[in-house]
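Peer 1: Taken in order, these protein sequences are the chains called A and B.
Take the first sequence: its position 141, counting from 1, is numbered 141 in the working numbering, and each next residue is one higher.
The number in the working numbering is simply the position in the second sequence, starting from 1, with 1000 added.
Beta carbons: idealized from backbone N, C-alpha and C, even for Gly.
Protein chains: 2
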Amino acid sequence: MRVPRDVRRPATLASLAAELGVSRTTVSNAYNRPDQLSAPLRARVLEAARRLGYPGPDPVARSLRTRRAGAVGLLLTEALSYAFRDPAATGFLEGLALACERAGSGLLLVPVSPELADVTAVHQAGVDGFVVYSVREDDPHFKAVLQRPVPTVVCDQPIGVEGVDRVGVDDHAAMLGMARHLTGLGHRRIGVLCMRLGSGRYDGPADEARQTGATYPVQRNRLAGLREGLAEAGVDWAAVPVHERFAHSVDAGQAATAELLAAHPDVTAVVCTSDILALGALRHAAERKLSVPEDLTVTGFDGVPEGLRAGLTTVRQPVLEKGRAAGELLLERDERNRPRVVTLPTELIVGVTSGRARAPERWFPGW
Amino acid sequence: MRVPRDVRRPATLASLAAELGVSRTTVSNAYNRPDQLSAPLRARVLEAARRLGYPGPDPVARSLRTRRAGAVGLLLTEALSYAFRDPAATGFLEGLALACERAGSGLLLVPVSPELADVTAVHQAGVDGFVVYSVREDDPHFKAVLQRPVPTVVCDQPIGVEGVDRVGVDDHAAMLGMARHLTGLGHRRIGVLCMRLGSGRYDGPADEARQTGATYPVQRNRLAGLREGLAEAGVDWAAVPVHERFAHSVDAGQAATAELLAAHPDVTAVVCTSDILALGALRHAAERKLSVPEDLTVTGFDGVPEGLRAGLTTVRQPVLEKGRAAGELLLERDERNRPRVVTLPTELIVGVTSGRARAPERWFPGW
DNA sequence: CCCCGCCACGTTAACGGTTCAGACGTGGGG
DNA sequence: CCCCACGTCTGAACCGTTAACGTGGCGGGG
Chain A
1 MRVPRDVRRP ATLASLAAEL GVSRTTVSNA YNRPDQLSAP LRARVLEAAR
51 RLGYPGPDPV ARSLRTRRAG AVGLLLTEAL SYAFRDPAAT GFLEGLALAC
101 ERAGSGLLLV PVSPELADVT AVHQAGVDGF VVYSVREDDP HFKAVLQRPV
151 PTVVCDQPIG VEGVDRVGVD DHAAMLGMAR HLTGLGHRRI GVLCMRLGSG
201 RYDGPADEAR QTGATYPVQR NRLAGLREGL AEAGVDWAAV PVHERFAHSV
251 DAGQAATAEL LAAHPDVTAV VCTSDILALG ALRHAAERKL SVPEDLTVTG
301 FDGVPEGLRA GLTTVRQPVL EKGRAAGELL LERDERNRPR VVTLPTELIV
351 GVTSGRARAP ERWFPGW
Chain B
1001 MRVPRDVRRP ATLASLAAEL GVSRTTVSNA YNRPDQLSAP LRARVLEAAR
1051 RLGYPGPDPV ARSLRTRRAG AVGLLLTEAL SYAFRDPAAT GFLEGLALAC
1101 ERAGSGLLLV PVSPELADVT AVHQAGVDGF VVYSVREDDP HFKAVLQRPV
1151 PTVVCDQPIG VEGVDRVGVD DHAAMLGMAR HLTGLGHRRI GVLCMRLGSG
1201 RYDGPADEAR QTGATYPVQR NRLAGLREGL AEAGVDWAAV PVHERFAHSV
1251 DAGQAATAEL LAAHPDVTAV VCTSDILALG ALRHAAERKL SVPEDLTVTG
1301 FDGVPEGLRA GLTTVRQPVL EKGRAAGELL LERDERNRPR VVTLPTELIV
1351 GVTSGRARAP ERWFPGW
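1. Relative to the C-alpha of R340 of chain A, which residue among A:V164, A:V132, A:E347 and A:D207 is closest?
2. Taking the alpha-carbon of P241 of chain A as reference, which of A:A325, A:L230 and A:S38 has the nearest alpha-carbon?
3. Go through the region 1142-1217 of chain B residue by residue and report every complete run of the beta strand (DSSP E) that reaches 3 residues or more, in order.
4. Note the first and the last residue of the continuous beta strand (DSSP E) segment covering R304 of chain A.
5. What does the alpha-carbon distance come out to for the pair L13 of chain A and G56 of chain A?
6. So V298 of chain A and V315 of chain A are in contact, right, with Cβ under 8 Å, and what is the actual spacing, rounded?
7. Hey, quick one: how far does the alpha helix (DSSP H) through T314 of chain A stretch, first residue to last?
8. Given a threshold of 16 other Cβ atoms within 10 Å of its Cβ, counted over all protein chains shown, does S274 of chain A qualify as buried or as exposed?
9. Hey, is the region 102-111 of chain A in contact with the region 67-87 of chain A, meaning 3+ C-beta pairs nearer than 8 Å?
10. What is the rounded straight-line gap between the Cα of A255 of chain A and the Cα of L296 of chain A?
11. Mind checking which residues open and close the alpha helix (DSSP H) that includes Y54 of chain A?
12. Secondary structure at E332 of chain A, three-state DSSP: helix, strand or coil?
13. Of the residues B:D1156, B:A1224 and B:R1033, which one's Cα is nearest the Cα of G1213 of chain B?
14. Strictly under 8 Å for the Cβ-Cβ distance: is A97 of chain A near chain B by that measure?
15. Just mark R219 of chain A as buried or exposed, buried being the case when its beta carbon has 16 or more other beta carbons within 10 Å.
16. Name the DSSP beta bridge partners of L368 of chain A, please?
17. Mark Q1036 of chain B as exposed unless 16 or more other C-beta atoms lie within 10 angstroms of its C-beta, in which case mark it buried.
18. Given W1367 of chain B, which residues of its chain have a CB within under 8 Å of its CB, disregarding the five upstream and five downstream residues?
19. Could you pull the DSSP bridge partners for H243 of chain A from this structure?
20. Using the Cβ count rule (16 or more neighbours within 10 Å means buried), how would you classify K1322 of chain B?
21. Does any CB atom of chain B fall closer than 8 Å to the CB of L109 of chain A?
22. Looking at the secondary structure, which residues open and close the alpha helix (DSSP H) in which D31 of chain A lies?
23. Could you give the C-beta distance for G106 of chain A and L320 of chain A, rounded to a whole number, given that I count them as a contact under 8 Å?
24. Tell me whether the beta-carbon of Q317 of chain A lies closer than 8 Å to the beta-carbon of V119 of chain A.
25. Are the C-beta of V145 of chain A and some C-beta of chain B separated by less than 8 Å?
26. Report yes or no: is there a C-beta of chain A within less than 8 Å of the C-beta of E1347 of chain B?
27. Would DSSP call V1045 of chain B helix, strand or coil?
28. I'd like the list of long-range same chain contacts for V161 of chain A, defined as Cβ closer than 7 Å, with 5 residues on each side in sequence excluded.
29. Check for me: the beta strand (DSSP E) holding F130 of chain A runs from which residue to which?
30. Quick one: measure Cβ to Cβ for D203 of chain A and F246 of chain A, integer angstroms, because I've assumed they're closer than 8 Å.
31. Contact defined as beta carbons within less than 8 Å: I believe L344 of chain A pairs with A357 of chain A. What is the distance between those atoms, to the nearest angstrom?
32. DSSP beta-bridge partners for C1272 of chain B?
33. Using 8 Å as the cut-off, can you tell me whether the region 233-240 of chain A makes contact with the region 278-298 of chain A, which would need three or more C-beta pairs spanning the two stretches below that distance?
34. Against chain B, with Cβ distances strictly below 8 Å, would D6 of chain A count as a contact?
35. Which of the three DSSP states, helix, strand or coil, is assigned to V267 of chain A?
36. Are any of the Cβ atoms in chain B nearer than 8 Å to that of E287 of chain A?
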């Protein structure tokens, strides 16, 4: 005989049913299928529930039985807080949230321990599917997601994992267009700033092996597109300095620009693989009293509001639509024609930060 | 990738155990308590799991059993996407995400249908607790959250619901300080812009009944603090026009300012209950070629980066810390000394948008 | 040699619901 | 009068896992 210390034990479907002298099914129906029982009985059930403090069917138990969690998981390799800092990520999230909202689904931000290979959070997430945003191809969390028997949509990953849908833009083509824009303006001596290319904290010049071996497909493709576009104008890629930055911030872009220009003062254009880095480049230029674009051309990628406000020449990509498409791909999988791929259009925005290349003999003021 | 994603009959702990001829517990232990079984056996289990495509213990079933979901829910009344738009909300989210991350907990954004009273999403959320951010006191979703038998932390709500922790700032005192700052500069004819005060879409002047009956405690308290501070200088609140705006955007602030100044051209200072609205006021001033602060003083509230960059006079509140505190309150509830209340400090930031009141006889250029 | 305790694993009973195939009256049509 | 459809409710079988406790074998102290 157990001592009934459960006086405060929360009521359950079963206890409610016992109290009322009806079956559990009936109580369940009172909540989920009002048409399956008479109105008076339903009222009695609901009344008893209020009296006993029964909070309604437990969502976890329901999920177990129905095999539906009512939420999609979002995996970012970055620290979670990054998602709220980077405007491109924010736009993506907004679109994804929109899609989730429309479908009545929750959005679970899965916590990851960057660097650390603790994937328990992925195993622990009760979700109906995953959206994977901007992670390395060899990320252990990503692998853990693929292990889970739920549908997955990856964003900006070109990999053809079986049964995994994909949404993204053609980074290669977009950057190729940017390269043509620049070579058309006469630029031949170009420097590049890119985001991190692989695991591990590294800041500095990235040689060709590091570029082609990059595990972030987005960065790899943008560099490749740029390379191809420059090659069309006869620019030897081996002579193009590429500087990589681990941190993705305006400060990092500023510092990287300083470093790049110090090592290669003849550069007439700094091409950045993100607007954030480009804003840093602009800040460096302003600090050094270089006029843009007369002394230096700066370009970005993404089309974030802050960059557009600054008149940055960049590639606009529809980040919000990307998020929404990812959500819809995941949530509206009626048919079984998979995997599906959504490639969204990009647009070259020519702002005020790109202009004709300065003459080779003209040097920076102050050098 | 050779992950068999379309296994017809997904393997379970039980089927794995049967296959191996061991008990389910042993398989469970292989995952959760490696020290509870011999290494060779564990290896055998894991090997069989890979062979049968068993993805590891089902998170939902585990949650049901352990009574732990490993996630906290976030309730916002606004559309989910709003959370990624408003910089104050973004800061809060970032702090909350930080706290969750540290605790290894997920963050579930609960979808709400604004206006609609569909609270199923709240019932459906498998979470260990809720954080409620900036909702009306009478919001049905909020009520549904309180129904759920999980701990809850509300942000910026002064209500003393039993057993509910709270984190926030002293809006009343902060705004009182702002009022003193303005009266100290000689301002007596003041106009106010505030965010929505109640349910329903309304834009326009808010009379006193609407102000004191506001169901958004934050707005109510800020107005009350302002009123008290102005009263100290002998300003009759009844003569202070208060304009309310449903939408919280720079555009809305701009339009509201236009409306306010059209009706009350003698106003020397526009006090806004948020930086976003204040940025709109500044934009209106710029458009009308009013110089700030010579022609018009503008103040905000929150201390968002964009406002600080513009030199806005405002009240800075630690939004990130607010989010973090909310998360910690929820996740670190070891002891049972509840309810707890965390009140964070605010700081009056005097920028370049507030100055001495212009003489009463001087009128706007163009009027 | 016996008993005790411990190690390593097994057994049982939840955890809280949903679902599906009926059971049980009831009334209407043939 | 029979049969069947119908509305309403019940019983039992899951869903996949873990907590709590049980058990058998083995080594060692008395």
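Peer 2: The short version:
1. A:V164
2. A:L230
3. 1152-1155, 1165-1169 and 1190-1194
4. A small correction: the amino acid at residue 304 of chain A is Val; Arg does not occupy that position in the sequence shown. Note, V304 of chain A: premise wrong, no beta strand (DSSP E); not H, not E.
5. 8 Å
6. About 13 Å; that fails the 8 Å criterion.
7. Element bounds for T314 of chain A: not the alpha helix (DSSP H) but the beta strand (DSSP E), T314 to R316.
8. buried
9. yes
10. 16 Å
11. Where Y54 of chain A is concerned, there is no enclosing alpha helix (DSSP H), given that its DSSP letter is neither H nor E.
12. coil
13. B:A1224
14. yes
15. Correcting the residue type first, residue 219 of chain A is Gln in the shown sequence and not Arg. So Q219 of chain A ends up on the buried side.
16. With chain A covering 1 to 367 only, the question about residue 368 of chain A has no answer from this structure.
17. exposed
18. No answer about W1367 of chain B holds up, because its pLDDT of 45 lies below 50 and its placement is not dependable.
19. A:L193 and A:P205
20. buried
21. yes
22. Reading off the sequence, residue 31 of chain A comes out as Tyr, not Asp. R24 to N32 is the span of the alpha helix (DSSP H), which, as asked, contains Y31 of chain A.
23. Between L320 of chain A and G106 of chain A the Cβ distance is about 19 Å, and since that is not below 8 Å, they are no contact.
24. no
25. no
26. no
27. helix
28. L146
29. F130 to Y133
30. 5 Å
31. In fact, because the Cβ distance is near 31 Å, the residues do not count as touching under 8 Å.
32. B:L1193
33. no
34. At D6 of chain A, the pLDDT of 34 sits below 50, so the modelled position is not reliable; the number obtained from the coordinates is stated separately. Closer than 8 Å: no.
35. coil
36. no
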